[in-house]
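**Q** One structure is given below, represented as structure tokens, and several questions about it will come after.
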Amino acid sequence: MRRALAITLLSLSGMALAGCAAPEETTAAAPTTQISAGAKDEAIAKLLPADIQKAGKVRVASGVSFPPMEFFDTDNKTVLGFDADLGKALGEVLGVEFAFENVNFDGIIGGLNAGRYDLGLTSMLDKKERQQQVDFVDYLKSGSALMVPKGNPQGIKEALDMCGKKVAVEKAATGDLLVDDVTKKCADAGKPDVEKVPFPDQASAVQALQSKRADMVAALDLTLAYSVKQAPQQFEVAVSAIDPLPVGIPVPKNKPQLRDAVQAALKKVIANGTYDQLLAKWNLQAQAFKDAAINAGK
Numbered sequence: 147m148r149r150a151l152a153i154t155l156l157s158l159s160g161m162a163l164a165g166c167a168a169p170e171e172t173t174a175a176a177p178t179t180q181i182s183a184g185a186k187d188e189a190i191a192k193l194l195p196a197d198i199q200k201a202g203k204v205r206v207a208s209g210v211s212f213p214p215m216e217f218f219d220t221d222n223k224t225v226l227g228f229d230a231d232l233g234k235a236l237g238e239v240l241g242v243e244f245a246f247e248n249v250n251f252d253g254i255i256g257g258l259n260a261g262r263y264d265l266g267l268t269s270m271l272d273k274k275e276r277q278q279q280v281d282f283v284d285y286l287k288s289g290s291a292l293m294v295p296k297g298n299p300q301g302i303k304e305a306l307d308m309c310g311k312k313v314a315v316e317k318a319a320t321g322d323l324l325v326d327d328v329t330k331k332c333a334d335a336g337k338p339d340v341e342k343v344p345f346p347d348q349a350s351a352v353q354a355l356q357s358k359r360a361d362m363v364a365a366l367d368l369t370l371a372y373s374v375k376q377a378p379q380q381f382e383v384a385v386s387a388i389d390p391l392p393v394g395i396p397v398p399k400n401k402p403q404l405r406d407a408v409q410a411a412l413k414k415v416i417a418n419g420t421y422d423q424l425l426a427k428w429n430l431q432a433q434a435f436k437d438a439a440i441n442a443g444k
């Protein structure tokens, strides 16, 4: 999902988003508060499959270019963000390491089902069609949004205003799917198709808007809000809360034991207050989803 780009993590002169390959410098510090979920819960840990207990780690597929959810620190190796912190908290409860591996978004589900990874933590919307391939343990709620240049020069007010416009998206991610859905509606309304401009990672999509190779960016609202916060003089969110859905942790369908262990750990992290602390750290309180439901997406 977000292959290596040599860009600045939080500066829009080099880009407000962390690239999959990591920033060379940081002009605005990410939150550094360390939050612990506490000691290992032996009863919950025993729910894990035996091979994961033995290995002592969970192999996590993640597209590491999606702040504030996951992005590289200045060492180009350490993964920061809400998903990274949540993985650490879940690992503390389960007594294992959540080891993040950077993967192109469009290869995550395939990699899970091929056995290369155990689960994903990468801000993936829990959509009904994805439930045919994986199960989701839901942990946030989010919707699609459209980010435009500051001042909204083209007057974008609704999703159908994408018709006939160049829209930058991360390949196979939420914005990509949104463009496909809206293009069908454009045809029904007698309007020109959306001109989709796909990129391998979210950072490149935002760079395309910055360099005027696209009219807007379509992505999850939580990451675009973060982009605007980092560069309020360059960008604004014109449309938000499009088709809100839960955000889930995808787990292969042949690993129900792992799914249930992760759900139990998430429920504990929610109950003991760690989840709320993480939301506050990354300013995601509006995205709280405390049900820890399985496959709640429509």
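Counting with the numbering used here, you get residues 147 to 444 for the letters of the sequence shown. Positions of the beta carbon are idealized from the N, C-alpha and C atoms, including for glycine.
#1: Indicate whether LEU258 and PRO398 have their beta-carbon atoms separated by less than 8 Å.
#2: Under the DSSP definition of a beta bridge, which residues are partnered with LYS203?
#3: Quick check: the Cα distance between ASN97 and ALA333, rounded to an integer number of angstroms?
#4: Ignore the nearest five residues each way along the sequence and tell me which others in ARG276's own chain have a CB closer than 8 Å to its CB.
#5: Looking only at its own chain, which residues have a Cβ that is under 6 Å from the Cβ of ALA432, when we skip the five neighbours before and after it?
#6: Kindly identify the DSSP beta-bridge partner or partners of GLU216.
#7: Please name the residue, chosen from GLU341, GLY261, PRO213 and ALA439, that lies closest to THR369 on a Cα-to-Cα basis.
#8: Which parts of the stretch 287-339 are runs of the alpha helix (DSSP H), unbroken and 4 residues or longer, counting only runs that do not cross its ends?
#9: When burial is assigned at 16 or more other CB atoms within 10 Å of the CB, is THR224 buried or exposed?
#10: On the three-state DSSP scale, how would you describe ASP389?
#11: Who are the Cβ neighbours of VAL280 in its own chain at under 7 Å, not counting the five residues just before and after it?
#12: Inspect the beta-carbon positions of ASP264 and ARG205 and report whether they are closer than 8 Å.
#13: In angstroms, rounded to a whole number, what distance separates the CA positions of LEU136 and LEU226?
#14: From the DSSP output, in three-state form, read off ALA360 for me.
#15: In angstroms, rounded to a whole number, what distance separates the CA positions of SER357 and SER350?
#16: Using DSSP with H/G/I as helix, E/B as strand and the rest coil, what is GLU275?
#17: Applying the 10 Å Cβ sphere with the 16-neighbour rule, what's the burial state of GLN353?
#18: When you compare only the Cα positions, how much space is there between THR178 and GLN348?
#19: Roughly how many whole angstroms lie between the Cα atoms of ALA335 and LEU366?
**A** Let me lay it out:
#1: Walking along the sequence shown from the start, residue 258 turns up at place 112. Walking along the sequence shown from the start, residue 398 turns up at place 252. Their beta carbons are under 8 Å apart, which means LEU258 touches PRO398 by this criterion.
#2: Residue mapping note: residue 203 aligns to position 57 of the sequence shown, counting from 1. Residue pairing of LYS203 in beta bridges, as defined by DSSP: GLU243.
#3: No information on residue 97 is available, as it lies outside the stretch 147 to 444 that the chain covers here.
#4: Translated into the one-based positions of the sequence shown, residue 276 becomes position 130. If we look at ARG276 and ignore the five residues flanking it on each side, its Cβ neighbours are ILE255, MET270, PHE282, PRO396 and GLY443.
#5: Counting from one through the sequence shown, the residue named residue 432 turns up at place 286. No residues qualify anywhere along the chain.
#6: Taking the first residue of the sequence shown as position 1, residue 216 is located at position 70. Its beta-bridge partners are PHE212.
#7: Your numbering for residue 369 matches position 223 in the sequence shown. Of the listed residues, the one whose Cα sits closest to THR369 is PRO213.
#8: Within the stretch 287-339, the complete alpha helix (DSSP H) runs of at least 4 residues are 320-334.
#9: The residue labelled residue 224 in the question sits at position 78 within the sequence shown. By the 10 Å Cβ count, THR224 comes out exposed.
#10: Here residue 389 refers to the residue found at position 243 when the sequence shown is read from its first residue. Strand.
#11: To locate residue 280, count along the sequence shown from 1; it is residue 134. Correct list, in chain order: ILE255, LEU258, PRO396, VAL397, PRO398 and LYS399.
#12: Counting from one through the sequence shown, the residue named residue 264 turns up at place 118. Counting from one through the sequence shown, the residue named residue 205 turns up at place 59. Yes.
#13: Outside the shown range of the chain (147 to 444) lies residue 136, about which nothing can therefore be said.
#14: Residue numbering aside, residue 360 sits at position 214 when the sequence shown is read from its first letter. Look at ALA360 here: in three-state DSSP terms it is coil, with no helix or strand label.
#15: Start at 1 with the first residue of the sequence shown, and residue 357 comes out as number 211. Start at 1 with the first residue of the sequence shown, and residue 350 comes out as number 204. When rounded, the distance between both Cα atoms is 10 Å.
#16: Here residue 275 refers to the residue found at position 129 when the sequence shown is read from its first residue. Judged by DSSP in its simplified three-state form, GLU275 adopts coil rather than helix or strand.
#17: Within the sequence shown, numbered from 1, the residue matching residue 353 stands at position 207. Buried is the call here.
#18: Residue numbering aside, residue 178 sits at position 32 when the sequence shown is read from its first letter. Residue numbering aside, residue 348 sits at position 202 when the sequence shown is read from its first letter. Approximately 23 Å, taken between the alpha carbons.
#19: Position 189 of the sequence shown, counted from the start, is the residue given in the question as residue 335. Position 220 of the sequence shown, counted from the start, is the residue given in the question as residue 366. LEU366 has its alpha-carbon roughly 25 Å from the corresponding atom of ALA335.
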